[in-house]
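Here the structure is laid out as structure tokens; the discussion comes afterwards.
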Ligand code: PHB
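This is the structure we're talking about:
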């Protein structure tokens with residue numbers, strides 16, 4: 001009897017331990033994953049940008065794990081096929097209503113951000129823009145933050161620099177869409193305030209462009225420099241190729257730009273014609289810091305000698321920001337709590353320290369002046385001056 005009682009007790013104890021183990025597993029499993037919709041471009045005119053963005057996102061999760069505050073992150077990637085508002089609206093609507101995402105991120109082109117911000121705002125889905133770089137996008141909704149830059153700030157910065165550095169007459173060429181308007185207005189404002197003269201301004205179609213036609217017109221006007229903005233990647237490479245084919249540099253015409261035309265990845269395709277181009281931008285793979293060395297080492301380990309540039313880093317930093325915000329809320333995805341957690345967030349990025357400005361939800365970050373130079377046989381953007389955030 002005694003024996004039976006005792007063994008019964010032992011069995012009950014074991015069962016209780018087993019139950020708690022099972023319950024433990026069950027309660028962990030019961031925490032739903034955080035579903036995050038990623039709108040990117042893996043086909044179409046911005047596919048090189050979107051591909052690197054996705055690699056940056058995946059690299060962050062590979063290094064830091066995909067669980068925050070006990071909740072697994074479930075990323076749902078969608079291909080927007082380019083800067084096409086209708087496709088973007090359909091995909092974001094599906095991500096919100098069918099896939100029930102709690103956050104949104106990605107957004108290579110401004111047109112996809114502009115088209116979908118009303119949807120994500122209505123549904124109160126916190127949205128972290130990884131690229132879309134026109135000024136003012138974050139002002140359109142309290143649920144939008146951004147980890148890229150604004151084309152306008154870069155253009156204004158290089159406009160100042162050009163006026164102070166012996167460039168008197170400039171011809172501006174920009175893509176005919178929001179970031180181009182931003183670049184054109186900001187460059188002209190700062191360049192002319194600094195005493196420069198703009199002798200021609202032309203807007204070029206966004207895609208499928210023969211840049212030679214426009215660059216020939218610029219060349220005919222004999223400016224000291226061309227200020228150019230076209231989207232990074234394929235467009236930027238084509239623009240530089242036409243600049244070289246028409247021998248503007250040989251005619252004594254310089255190129256000043258925002259950095260989108262001479263991204264680190266593009267330099268490999270452009271080759272020597274990029275030498276000497278001056279730009280203002282927030283990230284160069286040649287940036288000297290421990291954080292950048294670690295970022296590039298991790299990238300090489302994961303992706304070998306694939307191309308890496310600002311898009312990779314912005315994808316990486318977006319995941320750093322999202323996971324830090326979720327850690328701050330303890331895994332709660334209440335939209336107002338997530339936005340409060342993103343506001344003021346500071347990260348030690350490979351580009352330098354960054355802060356999500358609590359008022360604007362855009363980044364406070366350093367802008368670097370860079371010149372394309374050859375180091376160890378490779379073309380790189382060497383930083384030679386900087387403007388730190390106030
Ligand atoms: C944009 O559409 O906002 C955009 C895309 C590529 C760039 C810059 C801006 O390089």
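Numbering (our numbering), first residue to last: 1 to 390. Every residue gets a Cβ at the ideal spot worked out from N, C-alpha and C, and that includes glycine.
Suppose contacts are defined by Cβ-Cβ distances below 9 angstroms. Is residue i in contact with residue j by that definition?
{"i": "residue 74", "j": "residue 33", "result": "yes"}
{"i": "residue 256", "j": "residue 278", "result": "yes"}
{"i": "residue 273", "j": "residue 240", "result": "yes"}
{"i": "residue 37", "j": "residue 105", "result": "yes"}
{"i": "residue 35", "j": "residue 331", "result": "no"}
{"i": "residue 211", "j": "residue 178", "result": "no"}
{"i": "residue 196", "j": "residue 151", "result": "no"}
{"i": "residue 312", "j": "residue 50", "result": "no"}
{"i": "residue 159", "j": "residue 194", "result": "yes"}
{"i": "residue 363", "j": "residue 146", "result": "yes"}
{"i": "residue 102", "j": "residue 78", "result": "no"}
{"i": "residue 173", "j": "residue 247", "result": "no"}
With H, G and I counted as helix, E and B as strand and the rest as coil, what does DSSP make of residue i?
{"i": "residue 39", "result": "strand"}
{"i": "residue 32", "result": "coil"}
{"i": "residue 165", "result": "coil"}
{"i": "residue 229", "result": "strand"}
{"i": "residue 197", "result": "strand"}
{"i": "residue 99", "result": "coil"}
{"i": "residue 152", "result": "helix"}
{"i": "residue 187", "result": "helix"}
{"i": "residue 145", "result": "strand"}
{"i": "residue 116", "result": "helix"}
{"i": "residue 363", "result": "strand"}
{"i": "residue 134", "result": "coil"}
{"i": "residue 82", "result": "coil"}
Would you check whether ligand 1 has a heavy atom nearer than 8 angstroms to the C-beta of residue i?
{"i": "residue 407", "result": "One cannot answer for residue 407 here, as it falls past the ends of the chain, which runs 1 to 390."}
{"i": "residue 236", "result": "yes"}
{"i": "residue 81", "result": "no"}
{"i": "residue 257", "result": "no"}
{"i": "residue 118", "result": "no"}
{"i": "residue 85", "result": "no"}
{"i": "residue 307", "result": "no"}
{"i": "residue 367", "result": "no"}
{"i": "residue 113", "result": "yes"}
{"i": "residue 151", "result": "yes"}
{"i": "residue 133", "result": "yes"}
{"i": "residue 77", "result": "no"}
Using DSSP bridges, identify the partner residues of residue i.
{"i": "residue 353", "result": "348"}
{"i": "residue 172", "result": "201 and 227"}
{"i": "residue 77", "result": "38"}
{"i": "residue 370", "result": "279 and 383"}
{"i": "residue 105", "result": "38 and 128"}
{"i": "residue 72", "result": "67"}
{"i": "residue 90", "result": "Paired residue(s): none; residue 90 is not in a bridge."}
{"i": "residue 378", "result": "375"}
With a cut-off of 9 angstroms, does the C-beta of residue i fall near any C-beta of chain D?
{"i": "residue 112", "result": "Note that chain D does not occur in the displayed structure, where there is just one protein chain."}
Does at least one heavy atom of ligand 3 sit under 8 angstroms from the Cβ of residue i?
{"i": "residue 110", "result": "Among the ligands present in this structure, namely ligand 1, ligand 3 is not found."}
Subject >> Complete alpha helix (DSSP H) runs within the segment 243–314 (minimum length 4 residues, chain order) >> reply: Taking only runs of at least 4 residues, the alpha helix (DSSP H) segments lying wholly in the segment 243–314 are 264–270 and 290–303.
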